[in-house]
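Notes for the one structure printed next.
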Amino acid sequence: MQTGTVRAAAALMLIAGAALAGQDDVILEVTGDISDGKVALDREALKALPETTLETSTVVTDGTHSFTGFLMRDLLKDLGAEGERVIASALNEYVVEIPMTDFTEFDVIVAYSMDGEPLQRNDKGPLWIVYPRDEHEALQDIRYDYRWVWQLSRLEVQ
Amino acid sequence: MIRFRNLAVGLLLPLVAVVVFAVLLTFSLTRMLEVENAMRVGAEKNMLWVFHQSEVAASRFTETAALIDLGEAEPDELALRFDILKSRVAILNDGPQRRFVEEIGHDDELDRIAAALEAMTPVVADYSPGDGARLREALKPAPAFFGRAANKAMIAEWNDLGGRLETYRAQLRQIILFLIGIMAAGGILAATLAVALRQAHQRNLMLRRSQDFSALLVSSSGEGILAVDREGRCTLWNDAMAGLIGTSAEQATGRPLAELAGFFGIAPLQAGVARALDGDSSELVQHPLFRHEATEPRYVDLRFFPMRNDGEVIGAILFLHDATDRHVAQKREAEDRDRLEELVAERTRDLDEALRRERSAADLYRNFAAMVSHQFRTPLAVADSALQRLIRRGPRVEPDEVVERANRARNAIAGLTRLVESTLDVARLDAGQLGARRVRCALTDIVRTVCTRQREADPTRRIRIFEPEDESDAVFCDPAHAEQMLENLLSNTFKYAPAGSPVSVRVHGDREDLLCDVHNEGDPIPEEERDLIFNRNYRGANSTGSAGTGLGLFMARTLARMQGGDLTLQPGGDGVTFRMRLPRFDPGTA
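So this is what it looks like as structure tokens:
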């Protein structure tokens with residue numbers, strides 16, 4: 539009951555944030571099979587989602603890093619996404635199709651900071667899809683590695 | 065040699081095969097794990113794609129810089145393209161990518177591009193028209209660098225891939241060889257197993273045959289055979305045993321021995337079974353076996369043996385042999401022997417009797433000779449002297465004197481005749497010729513007759529007769545024997561009585577016998593002679609100087625006992641009393 543209230547509040551804030559945000563502040567667009575058809579989210583709206591932190595290594599860096607962000611499934615649930623896959627696009631037109639089951643089976647996050655530092659657009663920011671690679675052996679596979687989308691800018695639910 | 069070969073084939077070969085199997089399997093698994101690991105780790109680098117993306121980003125930025133000068137693009141878009149390009153360079157400077165660039169020797173160029181980008185940053189952030197040409201000029205070497213780097217990346221990656229595939233192939237070939245080895249070892253093991261199974265089957269077959277043979281031996285044995293386990297439960301019971309005990313194998317198997325028949329409950333059998341279970345053999349010979357329906361027992365020999373398996377006693381086996389025939393034969397033999405012994409004893413007795421008679425006859429003759437030399441001399445001398453006197457005196461002899469001398473001679477001769485007669489009587493007695501013809505006779509009559517005869521023979525003799533009053537005097541005896549007994553007794557009594565003293569004869573009786581006490585007033589017979597005086601040829605200490613054969617009392621007692629009576633010497637110091645006892649006449653027994 540309490541969790542439900544929190545979620546409802548978060549959803550309200552998301553919509554409010556989206557409404558208030560100017561065009562320049564939008565960092566993520568979600569389209570497709572969701573409640574409102576199309577949502578533009580700024581940094582504030584995304585920060586309103588429950589924060590989660592993940593320790594993992596990546597294939598493009600050395601050592602492990604601490605990633606902070608929100609769970610992809612939390613976002614999709616708040617937006618009322620109903621579909622089998624999500625098509626994620628990056629700023630450089632990198633497009634990849636991710637099955638919805640990835641988000642239910644694994645704690646896939648959308649990170650907005652790494653090792654306490656906010657991710658920048660001229661590095662891998664502002665958003666980076668991060669899989670808990672070290673926790674699951676199944677994720678240590680190139681077929682998962684290409685789903686790590688950095689400079690994430692758009693999601694389309696299908 | 066053959067044994068050794070069998071051992072090598074049967075044991076060594078499978079052992080080696082197992083070792084080879086295990087070693088090859090371990091190697092194969094290790095190799096496969098290595099391959100699996102290498103495949104996972106090695107599939108991550110995709111530098112060609114990174115360089116391609118970088119090149120695209122650089123081209124887009126250059127393009128935007130050109131368009132912005134033409135007024136066809138906004139500064140925001142330029143900033144976005146610049147950020148994307150910077151992010152590509154940042155990726156290239158990250159750990160794994162940077163190392164690859166260093167490997168292919170383009171790190172200097174990368175550093176120059178990064179420095180150029182850094183230098184461009186304020187220009188891009190604060191764009192003013194006309195900067196586009198400068199930006200394009202500054203970034204001119206970048207596409208060429210990304211193209212060369214991509215070229216080298218392709219070659220390096222293909223080399224890497226080719227090398228890796230070659231390694232995989234080599235490892236797979238090794239694994240295939242290992243697998244062939246494993247198959248060979250498996251084949252050897254399977255073959256060994258098949259051989260072992262066949263041998264086991266053959267041994268089983270042989271074992272079963274020998275078991276069948278044993279079972280046949282047990283069942284066809286004439287001896288009763290049974291086996292029990294450690295708890296005393298019957299595990300084997302053959303037909304002969306069933307015949308002997310009367311219990312079938314189905315009824316017997318699995319039940320405690322003592323329940324099967326009372327025979328097995330008795331102590332010696334229990335002890336035998338217990339000893340066998342303790343590991344000791346034992347046997348019982350000709351033990352009687354009573355069965356319900358038969359009253360005559362069978363006799364059986366029993367043998368108890370322990371049954372062992374690997375030195376441990378697992379039960380006991382009991383053999384029952386019917387020895388009834390042997391028992392009967394032995395019994396008959398023993399009976400025959402007893403009968404023979406009895407016969408021999410009887411014959412020996414007869415022979416002893418004959419010998420005794422022979423000896424008594426010899427004694428008789430010897431005694432007779434002694435007696436003749438002693439007893440006959442005096443009367444013969446008396447008769448001889450009387451006759452000599454008559455001859456010497458010749459015509460001068462008076463007629464009275466003739467009569468007197470002649471009578472003296474006759475008396476002496478009569479004494480001699482009596483001696484001869486009594487001797488002959490004893491001889492007849494010894495020879496068993498003196499049978500008693502027992503009839504009913506009156507004892508008082510016999511007493512009177514004998515006393516009268518005694519008085520006639522010697523008128524000086526005084527005899528007092530006491531007869532029973534109102535009492536039957538009938539006895540059951542031979543009257544001639546009774547007379548002789550009395551005569552002997554009276555002669556003896558007179559002989560040892562003081563001259564002129566009276567002798568009393570007293571007839572009385574008890575319930576079964578009539579008694580006749582003959583009493584004189586002579587000196588009592590000394591204690592040590594009392595038993596001896598009835599012996600043959602015994603003459604007492606006081607008999608010196610009187611004529612006698614020592615046969616009178618012996619004869620009298622013998623005759624009395626022949627009638628079923630007796631002759632005894634009564635105790636007491638007042639004279640001497642002999643008691644003659646004769647059975648009363650009983651009409652029932654006569």
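Chains A and B, in that order, give the protein sequences. Here the first sequence stands for residues 539 to 696, where the numbers follow my numbering. Here the second sequence stands for residues 65 to 654, where the numbers follow my numbering. C-beta: ideal position from N, C-alpha, C; glycine also. Keep in mind that this is a model prediction, so the values were computed, not measured.
Output the boundary residues of the beta strand (DSSP E) element that contains SER486(B).
Position 422 of the second sequence holds residue 486(B). Careful: SER486(B) lies outside any beta strand (DSSP E), inside the alpha helix (DSSP H) at 463-494.
Starting from the C-beta of THR299(B), find all residues in its chain whose C-beta is less than 6 Å away, skip the five residues before and the five after it, and write them out in chain order.
The residue labelled residue 299(B) in the question sits at position 235 within the second sequence. Closer than 6 Å at the Cβ level, and outside the excluded window around THR299(B), lie ALA291 and ASP293.
Indicate the three-state DSSP secondary structure (helix, strand or coil) for TRP686(A) in the structure shown.
Start at 1 with the first residue of the first sequence, and residue 686(A) comes out as number 148. Here TRP686(A) sits in coil by DSSP.
Compare the C-beta of ASP175(B) with all C-beta atoms of chain A and state if any pair is closer than 8 Å.
Indexing the second sequence from 1 puts residue 175(B) at position 111. Not one chain A Cβ lies under 8 Å of ASP175(B).
Distance CB(LEU592(A))-CB(ILE667(A)) smaller than 8 Å:
Sequence index remark: in the first sequence, residue 592(A) carries index 54 (1-based). Sequence index remark: in the first sequence, residue 667(A) carries index 129 (1-based). Result no, Cβ atoms of LEU592(A) and ILE667(A) do not sit closer than 8 Å.
Can you name the residues of chain B whose CB is closer than 7 Å to the CB of THR705(A)?
What the structure shows of chain A is the stretch from 539 to 696, and residue 705(A) is not part of that stretch, so it cannot be assessed.
Within 10 Å of its beta-carbon, does THR596(A) have 16 or more other beta-carbons around it, so buried, or fewer, so exposed?
Taking the first sequence and counting its residues from 1, one reaches residue 596(A) at position 58. With 16 or more other Cβ atoms within 10 Å, it is buried.
Where ALA322(B) and GLY250(B) are concerned, what is the direct C-alpha to C-alpha distance, given to the nearest angstrom?
Residue numbering aside, residue 322(B) sits at position 258 when the second sequence is read from its first letter. Residue numbering aside, residue 250(B) sits at position 186 when the second sequence is read from its first letter. Rounded to whole angstroms, ALA322(B) to GLY250(B) spans 57 Å at the Cα level.
Residues of chain B with CB closer than 7 Å to the CB of VAL598(A), please, in chain order.
Walking along the first sequence from the start, residue 598(A) turns up at place 60. What VAL598(A) touches in chain B: ILE155, ASP158, PRO160 and GLN161.
Give the straight-line distance between the Cα atoms of ARG575(B) and MET549(B), rounded to the nearest whole angstrom.
Sequence index remark: in the second sequence, residue 575(B) carries index 511 (1-based). Sequence index remark: in the second sequence, residue 549(B) carries index 485 (1-based). Distance between the alpha carbons of ARG575(B) and MET549(B) is about 22 Å.
In chain order, which alpha helix (DSSP H) runs of at least 4 residues are fully inside the region 376-438 of chain B?
388-435
Leaving out the 5 sequence neighbours to the left and right, which residues in its chain are closer than 6 Å to ARG526(B) when beta-carbon positions are compared?
Residue 526(B) sits at position 462 when you count from the first residue of the second sequence. Once the five neighbours on either side are set aside, the close Cβ partners of ARG526(B) are PRO566.
Closer than 8 Å to chain A by CB, ALA121(B):
Numbered from 1 along the second sequence, position 57 holds the residue referred to as residue 121(B). Closer than 8 Å to some Cβ of chain A, the Cβ of ALA121(B) qualifies, so yes.
Quick one: is LEU584(A) near chain B, going by C-beta distance under 8 Å?
Here residue 584(A) corresponds to residue number 46 of the first sequence, with the count starting at 1. LEU584(A) does not count as touching chain B.
Can you grab the Cα-Cα spacing for the pair TYR560(B) / VAL640(B), in whole Å?
Here residue 560(B) refers to the residue found at position 496 of the second sequence. Here residue 640(B) refers to the residue found at position 576 of the second sequence. Answer to the nearest angstrom: the Cα atoms are 9 Å apart.
Along chain A, which residues have their Cβ under 9 Å away from the Cβ of SER151(B)?
Residue 151(B) sits at position 87 when you count from the first residue of the second sequence. Those within 9 Å of SER151(B) in chain A are LEU629, ASN630, GLN658, ARG659, ASN660, ASP661, LYS662, GLY663, TRP688 and GLN689.
Distance, Cα to Cα, GLN696(A) vs ALA626(A)?
Taking the first sequence and counting its residues from 1, one reaches residue 696(A) at position 158. Taking the first sequence and counting its residues from 1, one reaches residue 626(A) at position 88. Cα to Cα, the separation comes out at about 11 Å.
Suppose contacts are defined by Cβ-Cβ distances below 8 Å. Is LEU579(B) in contact with VAL539(B) by that definition?
Here residue 579(B) is taken as the residue at index 515 of the second sequence, counted from 1. Here residue 539(B) is taken as the residue at index 475 of the second sequence, counted from 1. Against a cut-off of 8 Å, the Cβ pair of VAL539(B) and LEU579(B) comes out as no contact.
Could you check whether the region 211-227 of chain B touches the region 138-155 of chain B, counting it as contact only if at least three pairs of C-beta atoms, one from each stretch, sit closer than 8 Å?
no
Beta-carbon separation (whole angstroms), HIS385(B) vs ASP416(B), contact threshold 8 Å:
Taking the second sequence and counting its residues from 1, the one referred to as residue 385(B) is at position 321. Taking the second sequence and counting its residues from 1, the one referred to as residue 416(B) is at position 352. In fact, because the Cβ distance is near 47 Å, the residues do not count as touching under 8 Å.
Residue span of the beta strand (DSSP E) that contains GLN350(B), given as start and end
Your numbering for residue 350(B) matches position 286 in the second sequence. 346-353 is the extent of the beta strand (DSSP E) around GLN350(B).
Name, going along the chain, the residues of the region 192-205 of chain B whose beta-carbon falls closer than 7 Å to a beta-carbon of chain A.
none
Below-8 Å beta-carbon distance, LEU131(B) vs any chain A residue:
As a working mapping, residue 131(B) is identified with position 67 in the second sequence. By this cut-off, LEU131(B) is not an interface position.
Residue from TRP686(A), VAL624(A), ASP679(A) and MET652(A) whose Cα sits closest to the Cα of MET103(B):
Within the second sequence, numbered from 1, the residue matching residue 103(B) stands at position 39. Checked all of TRP686(A), VAL624(A), ASP679(A) and MET652(A); the closest Cα to MET103(B) is ASP679(A).
ALA178(B) vs ASN157(B) beta-carbon contact at 8 Å:
For the purposes of this step, residue 178(B) is taken as the residue at position 114 of the second sequence. For the purposes of this step, residue 157(B) is taken as the residue at position 93 of the second sequence. Closer than 8 Å, so yes.
Starting from the Cα of LEU324(B), find the closest Cα among ALA189(B), LEU451(B), MET305(B) and ARG237(B) and give me that residue.
Within the second sequence, numbered from 1, the residue matching residue 324(B) stands at position 260. Per the Cα distances, MET305(B).
Whose CA, out of GLU593(B), GLY329(B), ASN373(B) and MET371(B), lies closest to the CA of PHE354(B)?
Here residue 354(B) is taken as the residue at index 290 of the second sequence, counted from 1. Selected option, being the one with the closest Cα: GLY329(B).
Return the residue from the list ASN552(B), ILE589(B) and VAL571(B) that minimises the CA-CA distance to LEU623(B).
Position 559 of the second sequence, counting from 1, holds the residue named residue 623(B). Here the closest residue by C-alpha is ASN552(B).
Suppose the cutoff is 8 Å on Cβ atoms and the five residues either side in sequence are ignored; what does the same chain contact list for ALA546(A) look like?
Along the first sequence, read from residue 1 onward, the residue named residue 546(A) stands at position 8. Note on ALA546(A): pLDDT 46, under 50, position unreliable in the model; the coordinate value appears next. Within the same chain, ALA546(A) has no close Cβ partners at all.
Measure from the alpha carbon of VAL55(B) to the alpha carbon of each residue in ASN223(B), ASP147(B), ALA206(B) and TRP301(B), then state which is nearest.
The requested residue 55(B) is not part of the displayed model; chain B covers only 65 to 654.
For LEU131(B), collect the residues of the same chain with a Cβ closer than 7 Å to its Cβ; drop the 5 residues on either side in sequence, then sort them by chain order.
Counting from 1 along the second sequence, the entry for residue 131(B) is found at position 67. ALA137.
Starting from ALA122(B) and walking both ways along the alpha helix (DSSP H), at which residues does that stretch end?
As a first step, residue 122(B) is located in the second sequence; it is residue number 58 there, counting from the start. Run containing ALA122(B): 111-133, per the alpha helix (DSSP H) assignment.
Considering only residues of the same chain and omitting the five flanking positions on each side of GLY245(B), which have a CB-CB separation below 6 Å?
The sequence position of residue 245(B) within the second sequence is 181, counting from 1. Contacts found: LEU88.
Which first and last residues belong to the beta strand (DSSP E) in which ALA506(B) is found?
The count along the second sequence starts at 1 and reaches residue 506(B) at position 442. Where ALA506(B) is concerned, the enclosing beta strand (DSSP E) stretches over 503-506.
As assigned by DSSP and simplified to three states, the class of ALA325(B)
Indexing the second sequence from 1 puts residue 325(B) at position 261. DSSP places ALA325(B) in coil when its eight states are reduced to three.
To which residues does DSSP link THR590(A) through a beta bridge?
Taking the first residue of the first sequence as 1, we reach residue 590(A) at position 52. In the DSSP output, where bridge partners are listed per residue, THR590(A) has GLY607(A).
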